[in-house]
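52 is the number of the first residue of the sequence shown in this note's numbering; add one for each residue after it. Every residue gets a Cβ at the ideal spot worked out from N, C-alpha and C, and that includes glycine. Inspection log for the structure reproduced underneath, given as structure tokens.
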Amino acid sequence: MHELSIAMSVCQMAEDKLGSDALRQVTRVGLTVGHASGVEPASLEFCLDALLAQPPFGGAKTVITHTAGDDLHLDYLEVDDAR
Numbered sequence: 052m053h054e055l056s057i058a059m060s061v062c063q064m065a066e067d068k069l070g071s072d073a074l075r076q077v078t079r080v081g082l083t084v085g086h087a088s089g090v091e092p093a094s095l096e097f098c099l100d101a102l103l104a105q106p107p108f109g110g111a112k113t114v115i116t117h118t119a120g121d122d123l124h125l126d127y128l129e130v131d132d133a134r
């Protein structure tokens, strides 16, 4: 299931963005998944939700935008910096 590897890569990008600041927390992850991308959106969402429920994410929500093309990209990371 390549959706798990995609989800793991997205989480790695989120961790890289957070850096070492323990006060920052990802609250929402937005992706675009095209119908012709070869990715099953429901499976990707399931994998992401499972990974994002673990530290350091603390339950960030997954938001997937569907397109007709072959798009597959991370649109945004919503981060709460607790400040």
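In terms of alpha-carbon separation, which member of the options lies closest to residue i?
i, options, result
"H86", "C62, Q76 and T116", "T116"
"D122", "V90, R79 and T78", "V90"
"P107", "T83, A119, M64 and S88", "M64"
"V80", "S88, S71 and L95", "L95"
Using the DSSP secondary-structure output, state which residues sit across from residue i in a beta bridge.
i, result
"V130", "V77"
So, for residue i: in the same chain, excluding its five sequence neighbours on each side, which residues have a beta-carbon less than 6 Å away from its beta-carbon?
i, result
"R75", "L69, V130 and D132"
"G109", "Q76"
"P92", "V84 and I115"
What do you get for residue i, buried or exposed, if any count of 16 or more other CB atoms within 10 angstroms of its CB means buried?
i, result
"T113", "buried"
"E66", "exposed"
"A58", "buried"
"A111", "buried"
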